[in-house]
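For any residue, its number in the numbering used here is found by taking its place in the sequence shown, counting from 1, and adding 2.
We treat Cβ as the ideally placed atom computed from N, Cα and C, and that holds for glycine.
A short worksheet on the structure shown next.
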Amino acid sequence: MKKFNFKKVLDGLTSSSAPPAKPETEITETLGSEHFQVSKTVRHGFPYQPTAMAYDPVQHILAIGCKSGSIRLFGRPGVDCHVMHDNDAAVLQLIFLVNEGALVSVCSDDSLHLWNLRQKRPAILHSLKYNRERITYCHLPFQSKWLYIGTERGNVHIANIESFVLSGYVINWNKAIELSQRTHPGPVVSLSDNPTDSTKLLIGFETGMIVQWDLKTKTAECRYACEQQTLHSLAWHHEGKQFMCSHSDGSLSVWNYRSPSKPAQVFQPHGHPAQKGSKPEACRPIMKVAWPTSRTGDPFIVFSDGLPYERSGRRPCITVMQGKSVTVLEMEYPVVNFLPVSSTPWPNDFQDPYAIIVLLENDLVVIDLTTPGYPCFQNPYPMDLHESPVTCCTYYADCPPEMIPAFYTVGSRQQKKTGFSDKNWPVKGGEWGTSTCSYPEIIITGHADGSLKFWDASAVTLQLLYKLRTSKIFEKQPLNQSTEYEEDPFAIVKIAMCCESRILCVAGTSGHVIVYRYNKVETTVDVPTLEIALVYEVDDLDSPDTDQIPPPMPPPSSSVGSAGSGGMPSPSPHHSTSSEGAEKVGSPLLKVKSGPQKMVPGYQVDLCAQLVTVEGEPPSQILCLAINSLYGLMAFGNMQGLAIVDIIQKTTLLNLGTPDLYGSADPYTRTQPRSPQRKKPPAGLGDLGEAQAVEQERCRSPTTERDESNGVCLSPTGTTRKKLADIKRNRNQPRPRMSKAHSTASMEGNGGDADSKDGSFSRSRSSSMSSLENVSAEGINCLSFTESYTRKTDPVTSPCLWVGTTLGSVLVIVLNLPPQGDQRLTQPVIVSPSGTILRLKGAILAMSFLDCNGMTIPPLFAKWEDPKKKEENREAKDGQSMQRRGWQQLQHLHRQKAPSSPTTETISDRQFVVICSEKQAKVISLPSQTCAYKLNITETSFVCKADVVSIANSVCLACFLANGHIMTFSLPSLRPLLDSDFLPLADMRIAQTFSFSNCGQALYLCTPSEIQRITLAADTCESLQEMLCELFLPVDTPEGPKQSFFKGLFSSPSIVDKEELFGEAASGKASRSVAKHIPGTGGIEGVKAEAGSAMAEVQKARMALVERGEKLSELEERTEALKVGSEMYASSAHQVMEKYKNKKWYQL
C-alpha cells in the first residue's frame, strides 16, 4: 500500500510551480564506481623547506628531504619521484647505498628507514626506531653493509644495513675520551672512516674533541683536541694522512693523522690576520667543509659561509679555494647543504670534482667547476614555480593540441638568462616512463608579481612554455606611494581562458581585468581602458516574510545597452553608484601607461577594465570571471555586484549591485545605505567568535519550505516563500563595511576576500538566515555564458548569462546580440533580466549544462585565426566565420517559426542545468525549470570546489569538500559514485587552488612551492605504473684505484671482515630497549614475502603430490608383486594337479 504524504498535498495547493518531474526519457548512465579511483600521480616544483640532500655518483640520482617528511628524487629532466614518510617528522639526513638502488633516511623522531628505489614507487623495506637516544649523525662507508649511528649522548651504534638489526658492538663516549677528562664531549656531529683503512673510525664531538677509534682493538688510537670553538664537520684527504675540520668561529684546521698533539694548520679564510695585541676578526660559522682532490692541480677546499660579521649586507655564500685562488659565490638564499660531484665513488681515489650541488632554502644551484669563473648550470627542473608566490592555478586537460606548440613558439623567443654553463646537466640518472598521456594538458599559474606561467603538463612532466607579465602595461608606482591597499597590487586572483580562440582574461587584486588575444607577430597599440564603479552598500539584510508573495520582476523591456552603464530599475532603498553618487567615484588603483605600447609576440593586451575606488575605499576583490569568444563578451563579479563588458566594442554593458539584479523580486529587505563617511572595519577574519557562530548555520539559503521538501525551483510568478524572523543587529556591535581588497595576494577561492597570511577565507561564506546579521552583502560567485532557455515559456534557446551568488541564488540574464559582421561592430548588445530565480543552500560554486542525452553542452566559441592570414584571405575568412556562426542564423530561424504565445504544455524539456553549491546539487530541467534531481552533498562540512568533468566518455559532478573528501556523482541522476577520504584540509591553500579538469584530472598547491596532481580515473591509475619513471638502472660500479705492488705490500692495511667485528657471534645482540626494528609494509620485501608464502604453499602442494605419487608407485609395485606371486602359486598348483590327477590314492 502506497504511503500517503499530506505535506506534498499542501505543497501542491500552495504553489503554482510544477512538481518535480523526472525526464520524459530515461538517460542511460554508463559511469559506475569501477570507473573511479583516487590516486596521486606526480608532484612538481621545488621541495618545500628542504633539510637534507644526498647524491648517488654512479646512478646520478639526487635526493632531497624536507621538513614535512617528504623526499623528492630527481634524475635527468623529466625524472621526478616523490615519496612520503608515514609521519610528519623532518628528514635530518639522507644516505645513498651507492649503485644499489637503496636510500637511508634519518628523521627527527629518531627513526631510520631503508627505501627500495628499484621500483617505480619507492617503499620502505625496514625501519629502526630509537627509544632512549636521539640520533644526530649517521655514516655509511662505500660498499659496506654496516651503518654507523651517532647519538646525542655521544655514543656510536652499528646496524646491519641489510637486516636493520643493531649490533652488540657499541662505542661509548666514556671509553672514547681521556680518562682524565671529566666533561662530556657532547653529541656526535661527524663520523667518517679513514679512506685507506676502514678499521679506523674518526668520531667528531660537538665540543671539538675528535677521536680516532680502532675498530679491531676497540680502543681510541688518537685523540685530537681542537682549541677552536664548536666543531661542525670533518673531511678527509683522499690519501688518508690528513683531515680538515670546520669550526663555529669561521676557521678551518688541518690535522696530520699521526700527530694528534696540535693541528698542522689553522686559518680563517675570510678573516683578516690579527694584529698584535688585538683579537682575530669575528666570522660566521663554517657549517660544512669538503676537501676533494684533483689529479691535475691543487686540491679543492669548498665550504659554506665563514664571512666576517662586520661586513653587513653579505648574502649567504659558497667559497671555492684551489691553491691561491679564492672564489666566493654569493647565493640568494641560505645554504642548507652542498655536495661536490665526482665521477668516482671511491674515497681513496682522486675525486676530480666537476660540479657542486648547492641546496638552498628556496632554490637548487649546481656550479660548474670545469669552466673558468664557475658558472651555474641552467636548472631544467620546474623549480622556479614559486619564483613569485603562486596565487591561483588553472588546469586544462584535453585541450587543443596546437596550443602547446603555439605557446612554446612564442616562449622560445623570450629573452633567456645568460651566463649559464654550456655543459650538460650533471644529474642525469633514471629513465622516462614507457607510456605517455594521449591528450595534451596545460597548467596556468598566476603569481603575486602579476606574472602568469604556462606549463606543458602532458603525461607526468612539467615544462615551462611561456611567461606573461601583466604588470608591463601599468606605470611603475613611486617608492614613496602608500601601500595601504595592497602589498602586491598586481597579484593574479582569477584566470579564464577560451582554449579554442586563445582569448585570455586575467583578474588582479587591484580590481583590474585584462583581456589578452594571442598574436604571432609584434604590434604597437594603445591599450583601451574602461573604468567601472562597481559598489553597493547596505546596512542590514532583512529577510522576507513567507506569507508575502514577491512582486513580479520588471518586464524584459527594462534593459541595458552598450551605450552606457545604467542599471535596471531597483527599489528606492537600494543604492548603487552606477546610477547615483557619481561624485563619490574615484580613480583606479593602477594607472595604465599612455601612448602606444610595443607588444611582443604572444599574448597582447586587447582591453583593460578597472574598478575604481569609491570614497577612498578600494574595490572588492573579483570573485569570478567568465569569457565567451563567440559572443565577444566578458563578465566578472565581486562582493558588490556584476559587470558585463563588450570586448569587441570596448564598452560596459551592465554594471549593477547584486540586489539590483533581483529587481523588485529581491528576497531581502535592504535598508537605506549608511552614511559613506562612517569608518567601519572591513569584513574579514578578525572577528573569529562571530565566524564560529556562523559555522553552525553554514550555507542554509533563504529558500522556501517547499524548496527544501521537494526541490521545486522558485520562479518570480506566484511562488510562496518561507517566513523568516526579522534580524536585529546589536547596535553596539560594529557593522562590517563592504568587502575590500586586502594587502595580501589572494588565492583562487570560492569567493570573498582571501587573506594569504592566515590561509583562510576572509568573508563569511554562510547564507543562513540565522546569521544574516554577519553578512554585509551578497556577492557574485559564479558565472557561465551559454545558449539555453532563459524562461519557462521559451520555445528556443538564446544566448544568456547565468549568475550564481554567495547566498545561493541563481539568476539568468538574457543577451540580445546583433548579427555578425559590421552590425556587431556598431549595434549595441542588449542585456535584460529574464525573471528566473533558482535557489540552493550555500554559495553557488559551479553551473554546467547538459543536453537531452546527458552529455555536456560545450560553450560556443570562435576559432582562433592568424591575423596575418586573416588579412590576406578576408573572403575565405568571412565564409568560415559565417559557417562557425551558423548557430545564430539558425537561432533567428527558430524564433521566426516559434508561435507568438507558446504555452508550457507544448514545450518539452530539452536541457538540464547542473548547479552545485556548498551544500547541495540540483539538476534542473529546462525550459520547465523543474527540479529533476536533488542531492544534499554534506551536512557537517561544505564543498570547496565543484565542476562537471568528462571521464570515460561520459560526464560526472566532482566535488572537493573541506573535510578532505573527494566525491563524484553521476549525471543527471546525482547517484553517488565515489566518496574518498583523500586528504585533510589542513591548509586553506589547498581549497583555494584546487582545480578539476577533464579526463578525471585535478591539481592543488600542496605547499607554497609545489603542485600536486591527482587523478580520479581508474584507467589512468592502471596505466600510471607505465607512465612513471625508473630511478634505478643496472650500471657497473667504476673500478677502484690501482696501487703499485710495493705500496700495497708495505702501506696497505690488512682487510678485516666486518662480520667478524660486528656480527652476533663476535659482539652479541644489542639490547632490545635501545631501538625497535619495524619491518616495512611495502616494496620488494613485501612482494618477496607474499611470493615466498605462495611458493611455500605451491611447494607444499608439490611435495604432497610427489609423496602421493611415491605411495601410489609403491602400491603399484606391491600389487604387481602380489600378482606375480599369485600367478606363480597358480602355476605351481596347476603342475601339482597335473602330476597327481591320474594317480590312485594308494599310489600317492
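Measuring alpha carbon to alpha carbon, tell me which residue in the options is nearest residue i.
{"i": "Glu283", "options": "Lys290, Pro275 and Met289", "result": "Pro275"}
{"i": "Pro336", "options": "Pro1040, Met289 and Thr329", "result": "Met289"}
{"i": "Glu502", "options": "Pro265, Leu656 and Met405", "result": "Met405"}
{"i": "Lys794", "options": "Lys843, Arg912, Leu963 and Ser41", "result": "Arg912"}
{"i": "Glu389", "options": "Asp58, Pro294 and Tyr50", "result": "Tyr50"}
{"i": "Leu613", "options": "Ser589, Thr30, Leu635 and Ser255", "result": "Ser589"}
{"i": "Ile505", "options": "Pro491, Asp490 and Asn521", "result": "Asn521"}
{"i": "Ile358", "options": "Thr411, Gly810 and Ser423", "result": "Ser423"}
{"i": "Pro1010", "options": "Ile1016, Arg991 and Ala1020", "result": "Arg991"}
{"i": "Ile173", "options": "Lys220, Ser146 and Thr185", "result": "Lys220"}
{"i": "Leu236", "options": "Leu217, Val190 and Ala222", "result": "Val190"}
{"i": "Val787", "options": "Gly844, Gly634 and Met641", "result": "One point to set straight first is that residue 787 is Phe, not Val, in the sequence displayed. That would be Gly634, whose Cα lies nearest to the Cα of Phe787."}
{"i": "Asp608", "options": "Ser927, Ser836 and Thr653", "result": "Thr653"}
{"i": "Asp111", "options": "Leu119, Gln95, Asn101 and Lys122", "result": "Gln95"}
{"i": "Arg286", "options": "Gly308, His272, Thr32 and Ile151", "result": "Gly308"}
Considering only residues of the same chain and omitting the five flanking positions on each side of residue i, which have a CB-CB separation below 7 Å?
{"i": "Thr525", "result": "Met601 and Gln606"}
Taking the straight line between their C-alpha atoms, what separation do you get for residue i and residue j?
{"i": "Ile212", "j": "Tyr226", "result": "5 Å"}
{"i": "Asn1221", "j": "Thr372", "result": "For the chain, the structure presents residues 3 to 1150; residue 1221 sits outside this window and is missing."}
{"i": "Ala1091", "j": "Leu470", "result": "Because the pLDDT of Ala1091 is 43, which lies under 50, any placement of that residue in the model is unreliable, and the number read from its coordinates should be weighed accordingly. Taking the straight line from one Cα to the other gives about 53 Å."}
{"i": "Ile1", "j": "Gln1003", "result": "Past the boundaries of the shown model lies residue 1; the chain is included only from 3 to 1150, so the question cannot be answered."}
{"i": "Cys961", "j": "Phe996", "result": "10 Å"}
{"i": "Ser956", "j": "Thr1022", "result": "15 Å"}
{"i": "Thr906", "j": "Tyr935", "result": "Residue placement at Thr906 is poorly supported in this model, since its pLDDT is 39, which falls under 50; the coordinates are not used for a value here."}
{"i": "Leu847", "j": "Val814", "result": "16 Å"}
{"i": "Ser41", "j": "Tyr518", "result": "35 Å"}
{"i": "Ile444", "j": "Thr420", "result": "27 Å"}
{"i": "Val812", "j": "Val805", "result": "5 Å"}
{"i": "Leu99", "j": "Val106", "result": "8 Å"}
{"i": "Asp989", "j": "Cys946", "result": "12 Å"}
{"i": "Ser383", "j": "Val462", "result": "Looking at the sequence itself, residue 383 is Tyr, so the reference to Ser does not match. Tyr383 and Val462: Cα-Cα distance of roughly 13 Å."}
{"i": "Thr942", "j": "Ser919", "result": "14 Å"}
{"i": "Val256", "j": "Gln267", "result": "5 Å"}
{"i": "Gln642", "j": "Gly659", "result": "5 Å"}
{"i": "Met55", "j": "Val1076", "result": "27 Å"}
For residue i, which residues in the same chain have their Cβ closer than 6 Å to its Cβ, ignoring the five residues on either side in sequence?
{"i": "Asn496", "result": "In the sequence under discussion, the amino acid at residue 496 is Lys, which differs from the Asn named in the question. Closer than 6 Å at the Cβ level, and outside the excluded window around Lys496, lie Ala509, Ile624 and Leu627."}
{"i": "Gly431", "result": "Gln61, His62, Ile63 and Gly77"}
{"i": "Phe456", "result": "Phe409, Ile446, Leu467 and Tyr468"}
{"i": "Phe1064", "result": "Trp148, Ile160, Ser169 and Tyr171"}
{"i": "Met323", "result": "Ile303"}
Would you list the one or two residues that DSSP bridges to residue i?
{"i": "Thr525", "result": "Met601"}
{"i": "Thr632", "result": "Checking the sequence shown, residue 632 turns out to be Leu, not Thr. Its beta-bridge partners do not exist; DSSP assigns none."}
{"i": "His514", "result": "Gln612"}
{"i": "Gly448", "result": "Cys394 and Leu454"}
{"i": "Gln214", "result": "Leu204 and Cys224"}
{"i": "Phe38", "result": "Ala1019"}
{"i": "Ala1004", "result": "Phe998 and Ile1016"}
{"i": "Phe944", "result": "According to DSSP, Phe944 bridges with nothing at all."}
Assign residue i to buried or exposed, taking buried as 16 or more other Cβ atoms, counted over all protein chains shown, within 10 Å of its Cβ.
{"i": "Thr346", "result": "buried"}
{"i": "Tyr1142", "result": "exposed"}
{"i": "Ala1067", "result": "exposed"}
{"i": "Met1139", "result": "exposed"}
{"i": "Gly156", "result": "buried"}
{"i": "Ser1133", "result": "exposed"}
{"i": "Lys1145", "result": "exposed"}
{"i": "Leu862", "result": "buried"}
Leaving out the 5 sequence neighbours to the left and right, which residues in its chain are closer than 8 Å to residue i when beta-carbon positions are compared?
{"i": "Asp351", "result": "His240, Gly1042 and Pro1043"}
{"i": "Pro301", "result": "His239, Trp293, Pro294, Thr295 and Gln324"}
{"i": "Leu204", "result": "Ser192, Leu193, Ser194, Asp195, Asn196, Ile212, Val213, Gln214, Trp215, Leu236, Trp238 and Phe245"}
Chain B beta carbons: is any one of them nearer than 8 Å to that of residue i?
{"i": "Gly308", "result": "Chain labels in this structure do not include chain B; a single protein chain is all it has."}
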